[in-house]
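Down below is the structure, laid out as structure tokens.
Numbering (our numbering), first residue to last: 14 to 254.
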């Protein structure tokens with residue numbers, strides 16, 4: 014599948030490649046394919062390639078002397094024949110406690126959506142969420158697949174301190190805060206798992222194009238997992254679909 018790509022200089026040391034403005038799983042595979050191709054063929058001149066829903070941002074080691082020539086190289090690397098992969102995807106089952114004691118916005122969220130808490134839990138744990146990219150905070154997953162019945166605009170006034178592990182909804186997205194942070198999303202649950210470790214070579218086990226499913230756990234299970242300092246080395250292992 015071919016996409017109409019836009020290439021433009023982002024700064025003296027960066028180039029931005031843009032795909033169509035949509036969230037699409039097949040397009041994600043194309044973006045990740047181009048990312049890998051650029052990293053393999055331009056590793057001697059680039060620092061990092063960052064992906065998002067519909068773009069790649071390439072950072073270079075030094076000032077780009079000839080942007081036109083570099084864009085031609087990137088166009089060539091992105092024009093390599095690509096077909097969506099039929100490779101099995103990794104599915105991560107993530108424990109979440111949906112209890113008002115740990116989820117300060119759960120009650121108000123359910124009231125605004127005119128849903129029972131059980132309905133919120135059921136709608137939030139049923140989908141398989143696509144991981145599109147990591148950003149905002151190290152280890153924060155941007156996920157696609159939230160049930161439309163749970164979509165709710167972000168808070169008018171953001172919270173000053175959203176606790177690490179908070180599972181939240183903002184607009185058409187849901188995610189997990191990997192550390193304490195200000196935030197405007199509605200916190201509906203809490204996860205005891207650490208997803209990011211700056212001291213490890215592979216700082217995050219979960220990567221773009223993986224799938225996530227949230228699994229409801231009790232307050233006691235949450236307390237037990239937290240007491241045992243659940244981390245990326247916890248029994249968090251993927252299955253393959």
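Even for Gly, the Cβ is constructed at its ideal location relative to N, Cα and C.
In this structure, residue 36 keeps its C-beta atom at 8 Å or more from the C-beta atom of residue 69. Closest in C-alpha terms to residue 227, from the list 241, 205 and 240, comes 205. Short of 8 Å from the beta carbon of residue 153, and not among the five residues preceding or following it, lie these beta carbons of its own chain, in chain order: 147, 188, 189, 190 and 191. Sequence-distant partners of residue 184 (beyond 5 residues in either direction) whose C-beta falls short of 7 Å from its own C-beta, in its chain, are 164, 166 and 167. Taking a contact as a CB-CB distance under 8 Å, the pair residue 249 and residue 105 counts as one, their CB atoms being some 7 Å apart.
Looking at 24, 16 and 231, the one whose alpha-carbon comes closest to that of residue 134 is 231.
Assigned with DSSP and collapsed to three states, residue 164 falls in coil, not helix or strand. Residue 201 counts as buried, since no fewer than 16 other beta carbons sit within 10 angstroms of its beta carbon.
Straight through space, the alpha carbons of residue 94 and residue 67 are spaced by roughly 19 Å. Under the Cβ criterion (8 Å, minimum of three pairs), the segment 78 to 87 counts as touching the segment 19 to 30.
Beyond the five residues adjoining it in sequence on each side, residue 136 comes within less than 8 Å, by CB distance, of 128, 160, 162 and 163 in the same chain, given in chain order.
In the same chain as residue 58, and ignoring 5 residues on each side of it, the C-beta atoms closer than 7 Å to its own belong to 73 and 74, in chain order.
Ranked by how close their Cα comes to the Cα of residue 229, the residues 54, 138 and 46 have 138 in first place. Contact annotation, residue 225 with residue 208: C-beta distance approximately 10 Å; criterion of less than 8 Å not satisfied.
Of the residues 120, 38, 50 and 108, the one whose Cα lies closest to the Cα of residue 88 is 50.
Residue 92 sits exposed, since fewer than 16 C-beta atoms from the chains shown fall within 10 Å of its C-beta.
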